[in-house]
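Enquirer:
2 protein chains.
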Amino acid sequence: MLRIPFADVASTLSTILVGVGFDSSRAEPCARLFAETTRDGIYSHGIERFPRFLETIRNRTVDVHAAPRRIHELGAIERWDGRRGPGNLNAWSSMARAIELGRQHGIGCVALSNTNHWMRGGTYGWQAADAGFIGVCWTNTLANLPPWGASAPALGNNPLIIAVPRPAGHVILDMAMSQFSYGALEAFRRKGQLLPVDGGFDSAGNLTRDPATIEGSQRPLPIGYWKGSGLAMMLDMVAALLSGGLATHQIPLEPAKESGLSQVFLTFDLSRMQPSEESAHAADAIVDSVLAGNPGAVRYPGQQVLKTRAENLALGLPVREELWNELRRV
Amino acid sequence: MLRIPFADVASTLSTILVGVGFDSSRAEPCARLFAETTRDGIYSHGIERFPRFLETIRNRTVDVHAAPRRIHELGAIERWDGRRGPGNLNAWSSMARAIELGRQHGIGCVALSNTNHWMRGGTYGWQAADAGFIGVCWTNTLANLPPWGASAPALGNNPLIIAVPRPAGHVILDMAMSQFSYGALEAFRRKGQLLPVDGGFDSAGNLTRDPATIEGSQRPLPIGYWKGSGLAMMLDMVAALLSGGLATHQIPLEPAKESGLSQVFLTFDLSRMQPSEESAHAADAIVDSVLAGNPGAVRYPGQQVLKTRAENLALGLPVREELWNELRRV
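Keeping their order, the protein sequence lines are chains R and H.
Going left to right, the first sequence walks through residues 1 to 330 as this note's numbering numbers them.
Going left to right, the second sequence walks through residues 1001 to 1330 as this note's numbering numbers them.
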């Protein structure tokens, strides 16, 4: 594993994006979001994911020049058309607009249709929290999860992000509705490990901890069985209805062509609800109460990020040598 | 099991409430919400729960005369103080206000502090959906769920409701963050049944399907293990911070004195986002896609309610004879 300075990773990715047609003013933030994801330790969705992103540009799933366009305003909520632009830029500008709306109305919402994979969802939670806002956002996805009671995928795993700002470190939940992603299943299989808990069904419908069996059956488990199945369905419905965009059943099943996603970005202007000191104190007390008596064993969502970020900024971002060489050749 | 006409149940409960001090104008809706919960098949939180509600009036946890008071306005979001009034009336008026705010601003939010148990959370989802709104609401609770990695409760099970209106039958998710409630564990134990999936830990930290073991260890399982644990924590944080009210760690641990809860009510005015026919068609298509190929085996959230409601209205509400006699003696 190489250790490459953050700035070198960001500029390398940016140069590649200009090479595939991005305006330089958009290549820079798009590349930075990929580098920041690796910086924060979400390796599966950072630079490791970049070659797949390039593939979606080449196969015209992503239009590098498209930016979201507002198609409906209704006070504190707006509907935007993502026009199949780069998913991370679309999501970033949507959360930025939801923050502006939140500043005006106390809460703000952008419903975005016709967009592409936003890469790391937590990015937009950090964005809201860094601005002092509570942020909630989610996306639908292609069908990759069987509903409870079925054996074939008909639900997306629809990642949900909830972010609460806190001076001592934001609390940021970033979770999909499947117990383990396909990426996580692959990682366990490569290490020759069983999953720590049941992760899906075998083809006969028995629960299993064997990652390869679940990869084969394509039957990962929703979190909480029937409960996560229901929650995944609701997130898809709300995103598709508010945005007027596609629902999971309308999204192409091929991962490289997954497009036309629907997303929701919601903000709450916490800073104007109560004095920020009082709010920070209350947030700290909640975090402390949950960790109490179990230091190390219990973690709050997002707890590892600041430490990982500091380490990766100090040592350089960890990048596989083979991947780095491949990117330098593009 | 007796079958008592809906109107008789509602008027009997209302008369009892007047007897314990309610103004008759508030006794009627409070009693009706209990009767409607039994009508809809959520038996644990309807008339079965009424004796416990009376106990919280007698022990002064609930102030029968208190109504919520607005303490902060910020455009589309408002903060209200529930003043320890009856939890179902407080929640109903908060969702009604969130609907008004949604009508004005496209989205609306009421953050309610200092309230009491709202009984069946789904009630307020149906309320929003009946008004044509997407509704989202949740409550925090006393600590009844160990965080992932801990053995003692420090999280609430914090029920979350998401409601989507649909002419053919609203889609309403009403789920707590524990895999099984203590009421559900008791029901399985009484029937001598094991849980269908792991529901918690024994006192040695092993996962188990035995309901009595979990009742003994007080270690029910969050949905999705670490994921539901994180989600429960976020719901508590957002509710406490937005309302300025108590968080789970500040709520009395004794169920009969559980009070000072924080709740959030959020609405989206779907009817003004797109033509209602288009919206209904999109909602139907999503429901159909999830149920496709698995009729009977896959259900959508809330699917059973309309059928149960019709049956209970036709036959009378099912009420245990012992309970009914007890209530008639109050």
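We put the beta carbon where it would ideally sit given N, CA and C, even for glycine.
Pro147 (chain R) touches chain H at which residues, Cβ-Cβ below 7 Å?
Expert: Simply Val1290, Val1298.
Enquirer: List the residues of chain H that Ile107 (chain R) touches, going by C-beta distances under 7 Å, in chain order.
Expert: Simply Ala1076, Ile1077, Ile1107, Cys1109.
Enquirer: Closest Cβ-Cβ distance between Ile47 (chain R) and chain H: below 9 Å?
Expert: No - not a single Cβ of chain H is within 9 Å of the one on Ile47 (chain R).
Enquirer: If the cut-off is 9 Å on Cβ atoms, which residues from the region 193-206 of chain R count as contacting chain H, listed in chain order?
Expert: Listed in sequence order: Pro196, Val197, Asp198.
Enquirer: In whole angstroms, give me the CA-to-CA distance for Gly122 (chain R) and Gln304 (chain R).
Expert: Roughly 13 Å separates the two Cα atoms.
Enquirer: Based on Cα-Cα distance, which residue from R:Val290, R:Val330, R:Leu155, R:Leu241 lies nearest to Ala111 (chain R)?
Expert: Among R:Val290, R:Val330, R:Leu155, R:Leu241, the Cα nearest to that of Ala111 (chain R) is on R:Leu241.
Enquirer: Is Arg1329 (chain H) buried or exposed, if buried means 16 or more other CB atoms sit within 10 Å of its CB?
Expert: So Arg1329 (chain H) counts as exposed.
Enquirer: Which residues in the same chain as Ile1071 (chain H) place their Cβ atom closer than 7 Å to its Cβ, once the five residues preceding and following it in sequence are excluded?
Expert: Result list for Ile1071 (chain H): Arg1079, Trp1080, Asp1081, in chain order.
Enquirer: Cβ closer than 9 Å: which chain R residues qualify as neighbours of Met1233 (chain H)?
Expert: Chain R residues near Met1233 (chain H): Val171, Leu173, Ile286, Val287, Val290, Tyr300, Pro301.
Enquirer: Does chain R have any CB closer than 9 Å to the CB of Lys1257 (chain H)?
Expert: No, because no Cβ of chain R sits closer than 9 Å to the Cβ of Lys1257 (chain H).
Enquirer: For the alpha helix (DSSP H) containing Ala1212 (chain H), name the first residue and the last one.
Expert: Its alpha helix (DSSP H) spans residues 1211-1217.
Enquirer: CB-CB under 8 Å to Ser1271 (chain H), same chain, minus the five flanking residues each way: which ones, in chain order?
Expert: Only Gly1132, Phe1133, Ser1279 meet the Cβ criterion.
Enquirer: Considering Ser1094 (chain H), what are the terminal residues of the alpha helix (DSSP H) in which it resides?
Expert: Note, Ser1094 (chain H): alpha helix (DSSP H), 1087-1105.
Enquirer: Are there three or more Cβ pairs, one per stretch, closer than 8 Å when the region 1240-1258 of chain H is compared with the region 214-222 of chain R?
Expert: The region 1240-1258 of chain H, when compared against the region 214-222 of chain R, does not touch it at the 8 Å Cβ threshold.
Enquirer: At least one CB of chain R closer than 9 Å to the CB of Val1164 (chain H): is that the case?
Expert: True, the Cβ-Cβ gap to chain R drops below 9 Å.
Enquirer: List the residues that DSSP assigns as beta-bridge partners of Thr115 (chain R).
Expert: In DSSP, Thr115 (chain R) forms a bridge with R:Leu261.
Enquirer: Put Leu1221 (chain H) into one of helix, strand or coil per three-state DSSP.
Expert: Coil.
Enquirer: Between H:Leu1261, H:Ile1214, H:Ser1229, H:Gly1046, which lies nearest to Phe1188 (chain H) when the distance is taken from Cα to Cα?
Expert: Phe1188 (chain H) has its Cα closest to that of H:Ile1214, out of H:Leu1261, H:Ile1214, H:Ser1229, H:Gly1046.
Enquirer: Using 9 Å as the threshold, is the C-beta distance between Leu1173 (chain H) and Ala1163 (chain H) below it?
Expert: For Leu1173 (chain H) and Ala1163 (chain H), yes; Cβs fall inside 9 Å.
Enquirer: Is the number of C-beta pairs between the region 98-108 of chain R and the region 59-74 of chain R that are closer than 8 Å three or more?
Expert: No, the region 98-108 of chain R does not touch the region 59-74 of chain R.
Enquirer: When the Cα of His117 (chain R) is compared with those of R:Gln127, R:Gly125, R:Ala297, R:Trp138, which residue comes out closest?
Expert: The shortest Cα separation from His117 (chain R) among R:Gln127, R:Gly125, R:Ala297, R:Trp138 belongs to R:Trp138.
Enquirer: Leaving out five residues on either side along the sequence, give the residues of the same chain with a beta carbon under 8 Å from the beta carbon of Gly1085 (chain H).
Expert: Only Val1062, Asp1063, Val1064, His1065, Ala1066, Ala1067, Pro1068, Thr1115, Asn1116 meet the Cβ criterion.
Enquirer: Under DSSP, the alpha helix (DSSP H) around His1281 (chain H) begins and ends at which residues?
Expert: His1281 (chain H) -> alpha helix (DSSP H) spans 1276-1291.
Enquirer: In whole angstroms, what is the alpha-carbon distance linking Cys381 (chain R) and Gly135 (chain R)?
Expert: There is no way to answer for residue 381 (chain R), as the model of chain R reaches only from 1 to 330.
Enquirer: Does the Cβ-Cβ distance between Gly1021 (chain H) and Ile1057 (chain H) come in under 9 Å?
Expert: Against a cut-off of 9 Å, the Cβ pair of Ile1057 (chain H) and Gly1021 (chain H) comes out as a contact.
Enquirer: If we count the other Cβ atoms within 10 Å of its Cβ and call it buried at 16 or more, is Lys307 (chain R) buried or exposed?
Expert: Answer is exposed; the Cβ neighbour count stays below 16.
Enquirer: By alpha-carbon positions, which one of H:Ala1096, H:Arg1166, H:Asn1158 ends up nearest to Phe1180 (chain H)?
Expert: Selected option, being the one with the closest Cα: H:Asn1158.
Enquirer: Grab the span of the alpha helix (DSSP H) containing Met1273 (chain H) for me, first residue to last.
Expert: No alpha helix (DSSP H) contains Met1273 (chain H), which DSSP labels as neither H nor E.
Enquirer: Run the CB neighbour count on Lys191 (chain R), radius 10 Å, all protein chains shown included, and call it buried at 16 or more, exposed below.
Expert: Exposed: under 16 other Cβ atoms inside 10 Å.
Enquirer: Output needed in chain order: residues of the region 1203-1230 of chain H with a Cβ under 7 Å from some Cβ in chain R.
Expert: If the cut-off is 7 Å between Cβ atoms, the region 1203-1230 of chain H has Ile1223, Gly1224, Tyr1225, Lys1227, Gly1228, Gly1230 near chain R.
Enquirer: Does Gly293 (chain R) get closer than 9 Å to chain H when you measure Cβ to Cβ?
Expert: It does: the Cβ of Gly293 (chain R) has a partner Cβ on chain H nearer than 9 Å.
Enquirer: List the DSSP bridge partners of His72 (chain R).
Expert: Looking at the DSSP assignment, His72 (chain R) forms a beta bridge with R:Arg79.
Enquirer: Gln263 (chain R) CB to nearest chain H CB: under 9 Å?
Expert: No - not a single Cβ of chain H is within 9 Å of the one on Gln263 (chain R).
Enquirer: To which residues of the same chain is Val298 (chain R) closer than 8 Å at the C-beta, ignoring the five residues directly before and after it?
Expert: Once the five neighbours on either side are set aside, the close Cβ partners of Val298 (chain R) are Val290, Leu291.
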